[in-house]
């Protein structure tokens, strides 16, 4: 499948997709902080680079948004058109 954008436009579009400090991450962090939990964010030394780490509880939190990880019944996730063309999906 050919790309409908030139290289510079595609690069710009992809650079605008956030990987850190997304709205869901910030909401969870505010909740944790206001409830007395202390945490670290985007810990690169742990496998998978978790979004939030609660060291005291030896717990990690991965926040998977609808853009990349649409779940069943999600009203915000739309299957991309290119995937709809494959019978296996």
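In our numbering, the protein residues as written are 1490 to 1578. Even for Gly, the Cβ is constructed at its ideal location relative to N, Cα and C. In this text, all values refer to a predicted model and were calculated from it rather than measured experimentally.
- With fewer than 16 neighbouring CB atoms inside 10 Å of its own CB, residue 1561 falls in the exposed class.
- Residue 1529 has 1542 as its beta-bridge partners, per DSSP.
- In this structure, residue 1514 and residue 1540 form a Cβ contact; the two beta carbons are roughly 5 angstroms apart against a cut-off of 8 angstroms.
- Each residue's CA atom was taken as its position, placing residue 1563 and residue 1516 some 19 angstroms apart.
- Here residue 1550 is bridged, per DSSP, to 1541.
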